[in-house]
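Numbering (my numbering), first residue to last: 5 to 315.
Written out as structure tokens, the structure reads:
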């Protein structure tokens with residue numbers, strides 16, 4: 005049994021995977037188990053995982069069946085299945101950390117999370133997030149995530165429509181992990197990081213932010229992200245992604261799932277919000293009185309999306 009369960013989902017990550025795993029194995033806090041599920045890679049990712057697992061007993065390879073070759077479930081489903089597996093495999097771990105395949109962790113990342121989360125009651129949802137370095141493909145630092153408090157002006161309502169913490173920065177307690185992943189709906193949730201953040205915020209949990217950068221986020225040419233674009237290209241990318249991509253259906257699923265699981269655990273105002281946005285009354289959504297995004301441009305775009313019937 006271990007104090008922390010680390011969950012990783014991989015897909016064709018052979019280029020940077022070993023460097024990331026070795027940064028985990030080299031953590032100053034060593035009482036953890038690393039659960040890795042590959043999501044149907046066609047490169048050497050599985051070979052790298054198996055080789056490293058043979059050298060370190062803290063690595064558990066999660067397989068769908070005896071063949072060891074998993075079906076492709078997609079990012080969200082793979083993380084959800086792996087989290088549920090970890091919860092069943094180790095009945096006593098206290099914390100769960102998410103890990104991407106191409107970043108690098110600072111040596112003290114897990115220790116910092118344990119130090120902060122140890123003060124949270126075990127029956128209260130607890131979430132730890134940290135600042136991180138933004139790097140180029142070779143891990144040269146070009147900036148950091150946030151100079152202030154990323155939770156500034158964040159509400160339960162607007163967190164549904166914009167992200168705050170990337171998954172690789174998060175460590176959550178077992179209470180939150182159980183609420184998030186031991187249900188019939190988590191496999192349908194794409195944004196596992198937003199999902200656990202919403203549960204923590206909506207159900208009165210403790211959200212702790214450490215301003216110290218504790219990971220290196222690698223921007224590389226294969227990454228499909230607006231962060232690599234100029235201003236005008238970023239605006240066009242965002243409009244196209246929101247209107248024609250998966251953002252709207254994935255957000256609708258998350259609203260519906262949260263409403264089904266947790267509507268009896270939230271206050272009246274939050275319950276009304278969930279009922280409205282999980283439903284189909286477009287007019288009432290458009291004129292919802294509270295802000296749904298933190299920026300004016302984001303708010304306008306979202307109201308247009310609702311007007312068009314996308315949400």
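We treat Cβ as the ideally placed atom computed from N, Cα and C, and that holds for glycine.
| request: Rank 132, 45, 181 by C-alpha distance to the C-alpha of residue 74 and give the top, closest one. | output: Nearest C-alpha to residue 74: 45.
| Which of helix, strand or coil does DSSP assign to residue 220? | Correct three-state label for residue 220: strand.
| query | Does DSSP put residue 23 in a helix, a strand or coil? | reply | Here DSSP, grouped into helix, strand and coil, assigns residue 23 to helix.
| request: Counting only the same chain and skipping the five closest in sequence on each side, list residues whose C-beta sits under 6 Å from that of residue 317. | output: One cannot answer for residue 317 here, as it falls past the ends of the chain, which runs 5 to 315.
| task | Within 10 angstroms of the Cβ of residue 217, are there 16 or more other Cβ atoms? Answer buried if so, exposed if not. | result | Burial of residue 217 is indicated by the presence of at least 16 other C-beta atoms within 10 angstroms of its C-beta.
| request: Assess, as a yes-or-no matter, whether the stretch 116 to 132 is touched by the stretch 201 to 210 under the definition of 3 or more beta carbon pairs within less than 8 Å. | output: Cβ pair count under 8 Å is three or more, so yes.
| request: Check each candidate in 20, 264, 146 and name the one with the smallest Cα separation from residue 188. | output: Out of 20, 264, 146, 264 has the C-alpha closest to the C-alpha of residue 188.
| Would you report the Cα separation of residue 150 and residue 170, rounded to the nearest angstrom? | Cα to Cα, the separation comes out at about 12 Å.
| Meets three-Cβ-pair contact criterion under 8 Å: the stretch 190 to 200 and the stretch 113 to 127 | The stretch 190 to 200 vs the stretch 113 to 127: no contact.
| message | Is there a Cβ of chain C sitting closer than 8 Å to that of residue 53, yes or no? | response | The chain inventory of the structure shown lacks chain C, comprising one protein chain alone.
| task | State whether the stretch 173 to 185 contacts the stretch 85 to 98, with contact taken as three or more CB pairs (one from each stretch) at a distance under 8 Å. | result | Segments in contact, yes.
| message | Just to confirm my understanding: we take residue 277, look at its own chain, exclude 5 residues before and 5 after, and list those with CB closer than 7 Å. What are they? | response | For residue 277, where only same-chain residues beyond five positions count, the Cβ hits under 7 Å are 161.
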